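*Asks:* Sequences listed follow chains A and B, in order. Using the working numbering, you'd call the opening residue of the first sequence number 1 and step up by one each time. Using the working numbering, you'd call the opening residue of the second sequence number 199 and step up by one each time.
Number of protein chains: 2
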Amino acid sequence: MKVDFWFEFGSTYSYPAAMRIENLAKQRGIEVSWYPFLLGPIFHAQGWKDSPFNIYPVMGRYMWRDVERVCMACKIPFRRPSEFPRNGLLAARVACRFSKEPWIPEFVRAIYLANFSDDQDISSPETVSTCLSKLVVNPIKLINEAQSLESKTQLRKQTEKAVQEGIFGAPSYLVGKELFWGNDRLEEALSWAEKHGA
Amino acid sequence: MKVDFWFEFGSTYSYPAAMRIENLAKQRGIEVSWYPFLLGPIFHAQGWKDSPFNIYPVMGRYMWRDVERVCMACKIPFRRPSEFPRNGLLAARVACRFSKEPWIPEFVRAIYLANFSDDQDISSPETVSTCLSKLVVNPIKLINEAQSLESKTQLRKQTEKAVQEGIFGAPSYLVGKELFWGNDRLEEALSWAEKHGA
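In structure tokens:
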């Protein structure tokens, strides 16, 4: 049984999902595949030049309060970042290039905590390097590798694949062809994997 | 303890919320106040001339599948309406004008079932009258009353109040000033009412 977890490092609701998915999936014996992608190109394609939470400030105001409540309920730390959405391009390239490495889940959580708990600039190589430094021997080498033409293409293709799969927001989960969207749907996506055993 | 339930008859996710709220609230000893309103003017104000699920078809495609799954999980009937969103103006005027009547919860559910289970045109006085006929003696009299200038103004003011409360979508719940949005947040809104006893 497996679930594909599609996430964007700038996305608020991806944060609690990323913090919770590995444990919840383990408890049910479900394997998680990690699919970082970029929402920017997807939003642009439908005419949004910014996060909808910035374009529609009434919705944005609600979202910040809601995410705060959600994180409190999940018992994960949360501080509203001073910049939103933060550019997760570099971190996404790293996560995409090394998505099968055993340290990926921990790296993903470290980046999310940097953004949504510690208000750090996750677009900077320094932050990404710090997040990597507890997990790998040579962070700089990996960061350079993640910025190769091949790695850039890999992430671009992954974002194109997201679109092909009908993904329009983050976090999303795919169990076979069955799509679930939102932190709120994590448990249902896992239940679907159990029942329909993809 | 009380919760204000804000709903729009054309809204898909309002349907399971409207079907579930009375029983769930009763079990916890929470009183529900019924606040029909119109999403149309709110969408228009932010530049949408249609439901976002029609404007953004990829999101719309997901929504129809998701609502189907949600209704299956809640064990309520669902058939995708042949028209979306349906115009709930008349039904909303009735529900607004008579919101304190004991038959309101049942009337609201009857309209939602007509729309999302029986694919009926809820904008027509005939459908609204049929929904009323099992609950009141003289449906036509009530429908006429709901179309008085006073009743029209009442619904318009209620929609303005929704905007003032920060409501941007349906269903929404207010517990005091605390706002919750979506069928997914029904249980949390009720828990908030219990804990913070508004």
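Beta carbons are placed, not taken as given, at the ideal position from N, Cα and C, and that holds for glycine. These numbers were taken from a predicted model, which means no experiment stands behind them.
Determine the chain B residues that contact GLY166 (chain A) at a beta-carbon separation under 7 Å, and present them in chain order.
*Replies:* Simply VAL256, ARG259, TYR260.
*Asks:* Would you call the CB atoms of ARG368 (chain B) and VAL201 (chain B) closer than 9 Å?
*Replies:* Going by the sequence as given, residue 368 (chain B) is Ala instead of Arg. No. Outside cutoff.
*Asks:* Pair every Cβ in the segment 227-238 of chain B with every Cβ in the segment 206-218 of chain B, then say whether three or more of these pairs are closer than 8 Å.
*Replies:* Touching, yes, given that three or more Cβ pairs across the two stretches are closer than 8 Å.
*Asks:* Secondary structure at SER346 (chain B), three-state DSSP: helix, strand or coil?
*Replies:* Coil.
*Asks:* Once the 5 residues before and after ARG80 (chain A) are set aside, which same chain residues still bring their CB inside 7 Å of it?
*Replies:* Counting only Cβ-Cβ distances below 7 Å, and skipping sequence neighbours, we find TRP64.
*Asks:* Going along chain A in order, which residues have a C-beta closer than 8 Å to the C-beta of LYS377 (chain B)?
*Replies:* Checking the sequence shown, residue 377 (chain B) turns out to be Leu, not Lys. Here the neighbours are TYR62, ARG65.
*Asks:* Can you tell which of B:GLU343, B:LYS355, B:GLU376, B:TYR213 has the C-alpha that lies nearest to the C-alpha of GLY364 (chain B)?
*Replies:* Selected option, being the one with the closest Cα: B:GLU376.
*Asks:* In terms of residues, what are the limits of the alpha helix (DSSP H) holding TRP246 (chain B)?
*Replies:* Premise fails: TRP246 (chain B) is in no alpha helix (DSSP H) and is neither H nor E.
*Asks:* Any idea which residues DSSP pairs TRP390 (chain B) with across the strands?
*Replies:* DSSP, once it has assigned bridges, lists no residue as partnering TRP390 (chain B).
*Asks:* Using a C-beta cutoff of 9 Å, does ASP184 (chain A) count as contacting chain B?
*Replies:* With 9 Å as the cut-off, ASP184 (chain A) counts as an interface residue toward chain B.
*Asks:* Report the residue from A:THR12, A:PHE43, A:ALA18, A:PRO77 whose alpha carbon sits nearest the alpha carbon of THR159 (chain A).
*Replies:* Comparing Cα positions, the closest option is A:PHE43.
*Asks:* Determine the contact status of VAL108 (chain A) and ALA146 (chain A), defining contact as a CB-CB distance below 9 Å.
*Replies:* Their beta carbons are not under 9 Å apart, which means VAL108 (chain A) does not touch ALA146 (chain A) by this criterion.
*Asks:* For the beta strand (DSSP E) holding PRO200 (chain B), just list the boundary residues, first then last.
*Replies:* In the sequence under discussion, the amino acid at residue 200 (chain B) is Lys, which differs from the Pro named in the question. Counting along the chain, the beta strand (DSSP E) containing LYS200 (chain B) begins and ends at 200-205.
*Asks:* What three-state label does DSSP hand TRP64 (chain A) in the structure shown?
*Replies:* Correct three-state label for TRP64 (chain A): helix.
*Asks:* Cα separation between GLU315 (chain B) and PRO323 (chain B)?
*Replies:* This sequence places Ser at residue 315 (chain B); Glu is not what is there. Cα to Cα, the separation comes out at about 18 Å.
*Asks:* Suppose contacts are defined by Cβ-Cβ distances below 9 Å. Is LEU155 (chain A) in contact with ALA92 (chain A) by that definition?
*Replies:* Result yes, Cβ atoms of LEU155 (chain A) and ALA92 (chain A) sit closer than 9 Å.
*Asks:* Does the CB of GLY374 (chain B) have a neighbour CB from chain A at under 9 Å?
*Replies:* No, no contact with chain A.
*Asks:* Given that GLN244 (chain B) touches chain A, what residues does it touch there, using C-beta distances under 7 Å?
*Replies:* Going along chain A in sequence order, the residues near GLN244 (chain B) (Cβ under 7 Å) are TYR56.
*Asks:* If you measure between the beta carbons of ILE21 (chain A) and LEU174 (chain A), is that distance less than 9 Å?
*Replies:* No. Outside cutoff.
*Asks:* Could you round the C-beta distance between PHE84 (chain A) and VAL67 (chain A) to whole angstroms and report it? I think they count as a contact, below 8 Å.
*Replies:* The Cβ separation is near 11 Å, so there is no contact.
*Asks:* Verify the CB distance criterion: does ALA344 (chain B) have a CB-CB separation below 9 Å to chain A?
*Replies:* Not an interface residue.
*Asks:* Nearest to ARG295 (chain B) by alpha carbon, out of B:MET199, B:SER212, B:LEU340?
*Replies:* Closest option to ARG295 (chain B), Cα to Cα, is B:LEU340.
*Asks:* Look up PHE378 (chain B) in the DSSP assignment and say whether it is helix, strand or coil.
*Replies:* Note: PHE378 (chain B) maps to strand in three-state DSSP.
*Asks:* Quick one: what's got a C-beta closer than 6 Å to LYS416 (chain B)'s C-beta in the same chain, skipping five residues either side?
*Replies:* Nothing about residue 416 (chain B) can be read from this structure; chain B reaches only from 199 to 396.
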